[in-house]
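Protein chains: 2
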Amino acid sequence: MSTNNQQLLKGSLSVIILKLLEDREKMYGYEITQKVKELTAGDMTITEGALYPALHKLEAEGLLTTETQVVEGRVRKYYSLTKDGHKQAASRISELTAFVENLQTLLNLKPSF
Amino acid sequence: MSTNNQQLLKGSLSVIILKLLEDREKMYGYEITQKVKELTAGDMTITEGALYPALHKLEAEGLLTTETQVVEGRVRKYYSLTKDGHKQAASRISELTAFVENLQTLLNLKPSF
DNA sequence: GAGTATACCTCCAAATCTTAGGTATAGTTT
DNA sequence: AAACTATACCTAAGATTTGGAGGTATACTC
Chain A
1 MSTNNQQLLK
11 GSLSVIILKL
21 LEDREKMYGY
31 EITQKVKELT
41 AGDMTITEGA
51 LYPALHKLEA
61 EGLLTTETQV
71 VEGRVRKYYS
81 LTKDGHKQAA
91 SRISELTAFV
101 ENLQTLLNLK
111 PSF
Chain B
1 MSTNNQQLLK
11 GSLSVIILKL
21 LEDREKMYGY
31 EITQKVKELT
41 AGDMTITEGA
51 LYPALHKLEA
61 EGLLTTETQV
71 VEGRVRKYYS
81 LTKDGHKQAA
91 SRISELTAFV
101 ENLQTLLNLK
111 PSF
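Residue numbers (the UniProt record's numbering), protein chains in the order written: chain A, 1 to 113; chain B, 1 to 113.
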């Protein structure tokens with residue numbers, strides 16, 4: 001994926017966060033950036049300038065709660081889904097999935113359709 | 001797809017335009033809105049407030065050329081790909097396709113990955 | 001005459017992202 | 001010891017994109 005492809009992330013970052021947290025008890029910010037990089041073989045990079053504001057917004061919306069721990073001398077802020085967060089996660093993930101399917105329909109279009 | 005799903009379009013609108021025009025000689029704005037609605041069974045709606053600025057930007061970038069016709073008393077502004085537009089279309093479509101595949105990898109994730 | 005479909009357009013506000021910067025600890029390399 | 005890399009948090013400024021609302025106009029149907 002080329003460098004400016006990260007701009008195509010728009011709108012999907014918060015759903016990616018919710019999905020990752022749905023599959024795990026809790027994660028911290030830096031861990032999320034590394035996990036996305038790992039799962040996409042380095043293709044997608046979550047910039048911190050996008051991630052932290054997104055996490056704070058989800059927390060402000062009541063979908064995430066935080067818990068701070070000190071591990072090996074460094075502070076970690078763990079995020080996990082609230083009850084409402086779980087509901088919203090399911091809903092937003094299925095919306096994005098449906099959107100992605102529509103997008104693929106459009107992109108796989110053969111001529112004269 | 002729910003109503004606010006149209007907000008997930010971000011970043012992909014211009015690629016959708018390029019893809020539609022790659023498969024057809026030329027299209028006009030209103031036709032694009034209808035075609036997208038048709039191809040996605042009404043799930044996706046391209047708003048005019050997003051479409052026309054996007055078309056004008058692609059034209060300003062030299063990827064599209066225009067040709068105005070009067071059909072049944074109404075003005076139609078047809079857009080078609082320039083030579084450079086064809087090149088860019090291929091490139092941007094494959095980028096978005098790769099992005100969508102990564103997104104699906106993330107969304108289809110099973111627990112404890 | 002009113003409403004609907006077709007067909008173009010712009011402006012403002014909201015949301016999201018990128019870039020660039022800042023702080024700090026721990027370990028490794030020179 | 002200094003420099004670099006990895007870990008780990010954060011913010012601010014600016015650009016881009018989008019949605020919503022509005023505007024104009026023609027043709028057809030009720």
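Positions of the beta carbon are idealized from the N, C-alpha and C atoms, including for glycine.
(message) By the DSSP assignment, the beta strand (DSSP E) with leucine 39 of chain A in it spans what residues?
(response) Here residue 39 of chain A refers to the residue found at position 39 when the first sequence is read from its first residue. First-last for leucine 39 of chain A: 29-39, but that is the alpha helix (DSSP H), not the beta strand (DSSP E).
(request) Kindly indicate if chain A contains any beta-carbon less than 8 Å away from that of isoleucine 16 of chain B. (result) Here residue 16 of chain B refers to the residue found at position 16 of the second sequence. At a cut-off of 8 Å between C-beta atoms, isoleucine 16 of chain B counts as an interface residue with respect to chain A.
(message) Taking 7 Å as the cut-off, is the beta-carbon of glutamate 25 of chain B closer than that to any non-hydrogen atom of the ligand ZN?
(response) Questions concerning the ligand ZN fall outside what the structure shown contains, since it holds no ligand whatsoever.
(request) Give a yes or no on whether the minimum CB-CB distance between glutamine 88 of chain B and chain A is below 8 Å. (result) For the purposes of this step, residue 88 of chain B is taken as the residue at position 88 of the second sequence. It does not; no Cβ of chain A falls within 8 Å.
(request) Using a Cβ cut-off of 8 Å (strictly closer), state whether glycine 49 of chain A contacts chain B. (result) Mapped onto the first sequence, residue 49 of chain A falls at position 49. False, the Cβ-Cβ gap to chain B never drops below 8 Å.
(message) So, does the region 77-84 of chain A touch the region 21-28 of chain A, judging by three or more C-beta pairs under 8 Å?
(response) Result yes; three or more Cβ-Cβ pairs closer than 8 Å.
(request) Tell me, to the nearest whole angstrom, how far the beta carbon of threonine 96 of chain A is from that of leucine 107 of chain B; I am working on the premise that it is less than 8 Å. (result) In the first sequence, the residue the question calls residue 96 of chain A occupies position 96. In the second sequence, the residue the question calls residue 107 of chain B occupies position 107. Sequence inspection shows leucine at residue 96 of chain A; the threonine mentioned does not correspond to that position. Contact between leucine 96 of chain A and leucine 107 of chain B is confirmed by a C-beta separation of about 7 Å, below the 8 Å threshold.
(request) Provide the residue span of the beta strand (DSSP E) that contains arginine 76 of chain B, from first to last. (result) Counting from one through the second sequence, the residue named residue 76 of chain B turns up at place 76. 74-81 is the span of the beta strand (DSSP E), which, as asked, contains arginine 76 of chain B.
(message) Within a Cβ cutoff of 7 Å, which residues of the same chain sit near glutamine 69 of chain A, ignoring the five residues on either side of it in sequence?
(response) If you number the first sequence from 1, residue 69 of chain A lands on position 69. In its chain, beyond the 5 residues on either side, Arg76, Tyr78 have a beta carbon closer than 7 Å to the beta carbon of glutamine 69 of chain A.
(message) If the criterion is Cβ atoms closer than 8 Å, does the pair leucine 55 of chain B and leucine 63 of chain B meet it?
(response) Counted from its first residue, the second sequence places residue 55 of chain B at position 55. Counted from its first residue, the second sequence places residue 63 of chain B at position 63. Contact: no.
(message) Considering only their Cβ atoms, is the gap separating threonine 66 of chain B from glutamate 48 of chain B smaller than 8 Å?
(response) The residue given as residue 48 of chain B occupies position 48 in the second sequence. The residue given as residue 66 of chain B occupies position 66 in the second sequence. Contact: no.
(message) Strictly below 7 Å CB to CB, what residues from chain B border lysine 10 of chain A?
(response) By one-based count along the first sequence, residue 10 of chain A stands at place 10. Simply Lys10, Gly11.
(message) Against chain B, does threonine 65 of chain A count as a neighbour if the rule is that its beta carbon must be under 8 Å from one of theirs?
(response) Residue mapping note: residue 65 of chain A aligns to position 65 of the first sequence, counting from 1. So no, threonine 65 of chain A is outside the interface.
(request) Please name the residue or residues paired with glutamine 69 of chain B in a DSSP beta bridge. (result) Numbered from its first residue, the second sequence carries residue 69 of chain B at position 69. BP columns for glutamine 69 of chain B point to B/Arg76.
(message) Give me the DSSP bridge partner(s) of leucine 64 of chain A.
(response) Mapped onto the first sequence, residue 64 of chain A falls at position 64. Answer is A/Leu81, bridged to leucine 64 of chain A.
(request) Consider the Cβ of glutamine 34 of chain B: report whether some Cβ of chain A lies at a distance smaller than 8 Å. (result) If you number the second sequence from 1, residue 34 of chain B lands on position 34. Chain A contact via Cβ: absent.
(message) Assuming aspartate 23 of chain A is part of the alpha helix (DSSP H), what are its boundary residues?
(response) Indexing the first sequence from 1 puts residue 23 of chain A at position 23. Note, aspartate 23 of chain A: alpha helix (DSSP H), 13-23.
(message) Rounding to the nearest angstrom, what Cα-Cα distance links lysine 37 of chain A and histidine 86 of chain A in this structure?
(response) As a first step, residue 37 of chain A is located in the first sequence; it is residue number 37 there, counting from the start. As a first step, residue 86 of chain A is located in the first sequence; it is residue number 86 there, counting from the start. Going by the C-alpha atoms only, they are around 24 Å apart.
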